[in-house]
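K.L.:
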Amino acid sequence: MYTANPDRYSRMEYRRCGNSGLKLPVISLGLWQNFGDTGKYETMREMILTAFDNGITHFDLANNYGPENGAAEKNFGRILKEDLMPYRDELIISTKAGYDMWPGPYGNWGSRKYLLASLDQSLERMGIPYVDIFYHHRMDPDTPLEETMGALAQAVRSGKALYAGLSNYDGETLKKATEILNRLEVPFVIDQNRYSILDRSPDENGLRQALKRAKA
1 MYTANPDRYS RMEYRRCGNS GLKLPVISLG LWQNFGDTGK YETMREMILT
51 AFDNGITHFD LANNYGPENG AAEKNFGRIL KEDLMPYRDE LIISTKAGYD
101 MWPGPYGNWG SRKYLLASLD QSLERMGIPY VDIFYHHRMD PDTPLEETMG
151 ALAQAVRSGK ALYAGLSNYD GETLKKATEI LNRLEVPFVI DQNRYSILDR
201 SPDENGLRQA LKRAKA
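1 is the number of the first residue of the sequence shown in the working numbering; add one for each residue after it.
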């Protein structure tokens, strides 16, 4: 039976997420790669438990992380059930929806139907009643932004998510989304985008400026 390292919180720094009360570790573990059906379960388990033993409390998933779609959530749910469930209240579990997940017109993008159905499926795969953060994973050029943000608000108000997040938004769209969420009184606390020496798009599309204004 797994017992967490009693010194885990002395090994990690935690920083406040925006203006919220939520604190996240400076290093999180994303399950985009190596946690799907092609991975070895014992290796996945060792990675996740080693992360937690070193104070990494944030585990970041999405509905289509795999391969196959949903596999990372399914495997994480097994590890959670077998090892980490006694520590659930010490964990920040996030998931996302926005990319292609299932066939047909309702398994992609940003409609209310897709987002809320996807969240229900994610919770079922992980075996938990709520996630800490639920993200819209990418901008939808065809669905009204009010509908997408309304779905995030409904997820929070239903208790199936504690906080709302956005991912892969540009600055102008994030600004509009933030205004809508503020009107809906929904705790939007986090944005997730790629940013590295090879990908400077947040500097080029106004995202960094929009995030600074959102935090002000």
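For glycine and all other residues, C-beta sits at the position ideal for the given N, C-alpha and C. Treat the numbers as computed from the prediction; the structure is a model and nothing was measured.
1) Please state the DSSP three-state secondary structure of A62.
2) Roughly how many whole angstroms lie between the Cα atoms of G110 and G165?
3) For a minimum of 4 consecutive residues, which ranges assigned as the alpha helix (DSSP H) are wholly contained in the segment 97-177?
4) Reducing DSSP to helix, strand and coil, say where Q209 ends up.
5) Just to confirm, are V26 and M12 a CB contact at a threshold of 9 Å?
6) What's the C-alpha gap between R112 and I180?
7) For T148, count the other beta carbons within 10 Å of its own beta carbon; 16 or more makes it buried, fewer makes it exposed. Which is it?
8) So is K212 buried or exposed if we call it buried at 16+ other beta carbons inside 10 Å?
9) Would P202 be called buried (16 or more neighbouring beta carbons within 10 Å of its own) or exposed?
10) Would you mind reading off the limits of the alpha helix (DSSP H) that contains D53?
11) Which term fits M1, buried or exposed, when burial requires 16 or more other beta carbons within 10 angstroms of its beta carbon?
12) Taking contact to mean 3 or more Cβ pairs, one atom from each stretch, closer than 8 Å, check whether the segment 21-35 and the segment 193-201 are in contact.
13) Could you give the first and the last residue of the continuous alpha helix (DSSP H) run that contains P25?
14) Give me the Cβ distance between G98 and H137, rounded to the nearest whole Å; I'm assuming they're in contact under 8 Å.
15) Name the residue from G77, T43 and L49 whose alpha carbon lies nearest to the alpha carbon of N5.
16) Could you say which of F59, T3, R8 and F76 lies nearest to G39 if we only look at CA atoms?
17) Please state if the CB of Y135 and the CB of S167 are separated by a distance shorter than 9 Å.
18) Alpha carbon to alpha carbon, what distance is there between Q192 and M101?
19) Check whether the Cβ atoms of D140 and A161 sit closer than 9 Å, and answer yes or no.
P.N.:
Let me lay it out:
1) Stepping through the sequence shown from its first residue, residue 62 is reached at position 62. A62 falls in the coil class under three-state DSSP.
2) In the sequence shown, the residue the question calls residue 110 occupies position 110. In the sequence shown, the residue the question calls residue 165 occupies position 165. Their backbone Cα atoms lie some 13 Å apart in a straight line.
3) 112-126 and 145-157
4) Within the sequence shown, the letter at position 209 stands for residue 209. Correct three-state label for Q209: helix.
5) Here residue 26 refers to the residue found at position 26 when the sequence shown is read from its first residue. Here residue 12 refers to the residue found at position 12 when the sequence shown is read from its first residue. Closer than 9 Å, so yes.
6) Here residue 112 refers to the residue found at position 112 of the sequence shown. Here residue 180 refers to the residue found at position 180 of the sequence shown. If you take the alpha carbons of R112 and I180, they lie about 15 Å apart.
7) In the sequence shown, residue 148 corresponds to position 148, counting from 1. Classification of T148: buried, given that the 10 Å Cβ count is 16 or more.
8) Taking the sequence shown and counting its residues from 1, one reaches residue 212 at position 212. Answer is exposed; the Cβ neighbour count stays below 16.
9) Taking the sequence shown and counting its residues from 1, one reaches residue 202 at position 202. With 16 or more Cβ atoms within 10 Å of its Cβ, P202 is classed as buried.
10) Mapped onto the sequence shown, residue 53 falls at position 53. D53 -> alpha helix (DSSP H) spans Y41 to D53.
11) Here the question's residue 1 lines up with position 1 in the sequence shown. Exposed, since its Cβ has fewer than 16 Cβ neighbours within 10 Å.
12) no
13) Taking the sequence shown and counting its residues from 1, one reaches residue 25 at position 25. Premise fails: P25 lies in the beta strand (DSSP E), K23 to P25, not in any alpha helix (DSSP H).
14) What you label residue 98 is simply residue 98 of the sequence shown in a count that begins at 1. What you label residue 137 is simply residue 137 of the sequence shown in a count that begins at 1. G98 to H137, Cβ: 3 Å. Contact.
15) Your numbering for residue 5 matches position 5 in the sequence shown. Among G77, T43 and L49, the Cα nearest to that of N5 is on L49.
16) Taking the first residue of the sequence shown as position 1, residue 39 is located at position 39. For G39, the nearest C-alpha among the options comes from F76.
17) Start at 1 with the first residue of the sequence shown, and residue 167 comes out as number 167. Start at 1 with the first residue of the sequence shown, and residue 135 comes out as number 135. Yes, the pair counts as a contact, with Cβ atoms nearer than the cut-off.
18) Along the sequence shown, read from residue 1 onward, the residue named residue 101 stands at position 101. Along the sequence shown, read from residue 1 onward, the residue named residue 192 stands at position 192. Distance between the alpha carbons of M101 and Q192 is about 19 Å.
19) Numbered from 1 along the sequence shown, position 140 holds the residue referred to as residue 140. Numbered from 1 along the sequence shown, position 161 holds the residue referred to as residue 161. Not a contact, by the Cβ cut-off of 9 Å.
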